[in-house]
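**Student:**
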Amino acid sequence: MRVEERLLKYVSYWTTSDEECRQIPSSERQFELGKVLEQELRDLGLEKVTLTDHCYVYGLLPATKGYADKPAVGFISHMDTAPDFSGKDVKPQIIPDYDGNDVLLKGSGTYLKVSDFPTLKTLKGRTLITTDGTTLLGADDKAGVSEIMTAVEQIITEKIPHGDIWIGFTPDEEVGSGADLFDLDYFKARFAYTVDGDYEGEVAYENFNAASASFEIKGVNVHPGEAKDIMINAALVGCEIASLLPENETPAHTEGREGFYHLTDFSGDIAHAKVNYIVRDHDKATFEKRLDTLRGIEKKMNEKYHADTVKLNIQHSYSNMLEVIEKNEYVVAIAKKAIKNVGLEPVSRPVRGGTDGARLSFMGLPCPNLGTGGYGFHGPFEHISVEGMDTAVSVIKEIVKITAE
140 MRVEERLLKY VSYWTTSDEE CRQIPSSERQ FELGKVLEQE LRDLGLEKVT LTDHCYVYGL
200 LPATKGYADK PAVGFISHMD TAPDFSGKDV KPQIIPDYDG NDVLLKGSGT YLKVSDFPTL
260 KTLKGRTLIT TDGTTLLGAD DKAGVSEIMT AVEQIITEKI PHGDIWIGFT PDEEVGSGAD
320 LFDLDYFKAR FAYTVDGDYE GEVAYENFNA ASASFEIKGV NVHPGEAKDI MINAALVGCE
380 IASLLPENET PAHTEGREGF YHLTDFSGDI AHAKVNYIVR DHDKATFEKR LDTLRGIEKK
440 MNEKYHADTV KLNIQHSYSN MLEVIEKNEY VVAIAKKAIK NVGLEPVSRP VRGGTDGARL
500 SFMGLPCPNL GTGGYGFHGP FEHISVEGMD TAVSVIKEIV KITAE
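Residue numbers for the sequence shown, in our numbering: 140 to 544.
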């Protein structure tokens, strides 16, 4: 099966994860795709294939005879799609010989614009796959799943010599739980790669340090005619908290290695309000200073009003995998060589996000991230080219060849 055929098949499954649910998987519908992938791995002849009770899919392509002493390598992608936008009833648009201009998304009447996504110019002449504007596409990360499955099939049919190859598909990456129950006692790779990036030829090994932060605010509600020196309007306290953070240190004003505070949602009234942030920074010391800033705001608000008006809860999400990868540079070196072998120059940028690989690296499995060839993730402007996916398949195969040398 061709890689684009797999993608079109997989995106037909609604696998949106649920950020309000604390179970894994956060949505039972992820099992539908998990069952499909489990069967496909069995049909390809892999061993140790399993779909766990928590919706993790594992499989092993055993080493070619005489190659059992080669290091075991793993490839990992996630099955869920982001809850930021609808992933139900995806209707892809397939555009052969794309002309390099703006694309009408026929379901919504909006346009995928070159001015917003300049990389579209580099895709001219290719077969482009987009959404119809009413959903996301799900290439994040069903493109990665498709590329891994296609690479495995080609490794088998082309009889490419290899060591053990472990395959892993996870739930709930988009809500930060994908690595929580990943079984490294079962998945016995020495190192691995997530296939969850964007740019063709990308190998990413530096990501944000990340945390979520929630301010719970208790107000005091009395009749407004008798409120002087009594009322504490929780909603206004929430606004005040937001005003105390640097207005230029938000996602819309930062790039590269610059960190930010991101107000994700704000709800409430006079009696009670909740203000939720995510905090990101590549530099660990600066990241900790950002968290200290939030703690200082909590202290200031409770001194200004009264004790226990504001309660701050901080949850660590993931750390910058660079700390681990620097001690295992060979993993990146293999990927860069593979990318050069397919005719590209490796692209390594600081990732303004995180992957399952960031968590897995700190769990003992060095795990950089490879590009899928997709762009515009998490919304209706998501797109990918068939040729970009073919390149990702080739990179995976080259990594396998190099590992077996």
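We put the beta carbon where it would ideally sit given N, CA and C, even for glycine.
Can you tell me which residues form a DSSP beta bridge with Asp-322?
**Tutor:** Per DSSP, none; premise fails for Asp-322.
**Student:** Buried or exposed: Pro-257, going by 16 or more other Cβ atoms within 10 Å of its Cβ?
**Tutor:** With fewer than 16 Cβ atoms within 10 Å of its Cβ, Pro-257 is classed as exposed.
**Student:** Answer with yes or no whether the minimum CB distance from Thr-432 to chain D is below 9 Å.
**Tutor:** Looking at the structure shown, chain D is missing, and only one protein chain is on hand.
**Student:** Note the first and the last residue of the continuous alpha helix (DSSP H) segment covering Val-539.
**Tutor:** That run of the alpha helix (DSSP H) goes 525 to 542.
**Student:** Does the segment 229 to 245 come within contact of the segment 358 to 366, defined as at least 3 CB pairs closer than 8 Å?
**Tutor:** They do not touch, by the three-pair rule.
**Student:** For the beta strand (DSSP E) holding Gly-336, just list the boundary residues, first then last.
**Tutor:** Where Gly-336 is concerned, the enclosing beta strand (DSSP E) stretches over 330 to 336.
**Student:** Using three-state DSSP, classify Glu-313 as helix, strand or coil.
**Tutor:** Of the three classes helix, strand and coil, the one that applies to Glu-313 here is helix, per DSSP.
**Student:** Let me check one thing: in DSSP terms, what residues is Arg-419 bridge-paired to?
**Tutor:** For Arg-419, which the question treats as bridged, DSSP gives the partners Ala-349 and Phe-399.
**Student:** Could you tell me if Asn-387 is buried or exposed, where buried requires 16 or more neighbouring beta carbons within 10 angstroms of its beta carbon?
**Tutor:** Exposed: under 16 other Cβ atoms inside 10 Å.
**Student:** Can you give the Cα-Cα distance for Thr-403 and Val-470, rounded to whole angstroms?
**Tutor:** Straight-line Cα distance between these residues: approximately 35 Å.
**Student:** For Ile-233, is the classification buried or exposed, using 16 other Cβ atoms within 10 angstroms of its Cβ as the cut-off for buried?
**Tutor:** With fewer than 16 Cβ atoms within 10 Å of its Cβ, Ile-233 is classed as exposed.
**Student:** Could you spell out the range, first to last residue, of the beta strand (DSSP E) harbouring Ile-215?
**Tutor:** Looking at the DSSP string, the run of the beta strand (DSSP E) that includes Ile-215 is 212 to 217.
**Student:** Who are the near neighbours of Glu-437 in its chain, counting only those whose CB is closer than 8 Å to its CB and skipping five residues on each side?
**Tutor:** Phe-354, Val-449, Lys-450 and Leu-451, listed in sequence order.
**Student:** Report the option in Ile-215, Gly-503, Glu-312 and Val-490 whose CA atom is closest to the CA atom of Asn-348.
**Tutor:** Considering only alpha carbons, the answer is Val-490.
**Student:** Put Tyr-514 into one of helix, strand or coil per three-state DSSP.
**Tutor:** Three-state DSSP puts Tyr-514 in a strand.
**Student:** Roughly how far, in whole angstroms, is the beta-carbon of Leu-483 from the beta-carbon of Gly-377, given that I think they are within contact range, below 8 Å?
**Tutor:** 47 Å between Cβ atoms; not a contact.
**Student:** Let's test the definition: count the other Cβ atoms within 10 Å of the Cβ of Phe-369 and tell me whether it reaches 16, buried, or not, exposed.
**Tutor:** Looking at the sequence provided, one finds Ile at residue 369 rather than Phe. Exposed is the call here.
**Student:** Beta-carbon within less than 7 Å of Lys-475's beta-carbon, same chain only, minus the 5 sequence neighbours each way: which residues are those?
**Tutor:** Here the set comprises Val-342 and Pro-485.
**Student:** Compare the Cα-Cα distances from Thr-530 to each of Gly-395, Gly-496, Asp-324 and Ile-287 and report the closest residue.
**Tutor:** If we check each option's Cα against that of Thr-530, Ile-287 comes out closest.
**Student:** Along the beta strand (DSSP E) that carries Ser-456, what are the first and last residues, could you check?
**Tutor:** Ser-456 -> beta strand (DSSP E) spans 449 to 457.
**Student:** What three-state label does DSSP hand Leu-509 in the structure shown?
**Tutor:** Leu-509 falls in the strand class under three-state DSSP.
**Student:** Compute the Euclidean distance between the alpha carbons of Thr-261 and Ser-524, then round it to the nearest angstrom.
**Tutor:** Roughly 10 Å separates the two Cα atoms.
**Student:** If you draw a straight line from the alpha carbon of Gly-277 to that of Gly-264, how long is it in whole angstroms?
**Tutor:** For Gly-277 and Gly-264, the distance between alpha carbons rounds to 23 Å.
**Student:** Where does Phe-354 fall in DSSP's three states?
**Tutor:** In the structure shown, Phe-354 sits in a strand (DSSP, three-state: E or B).
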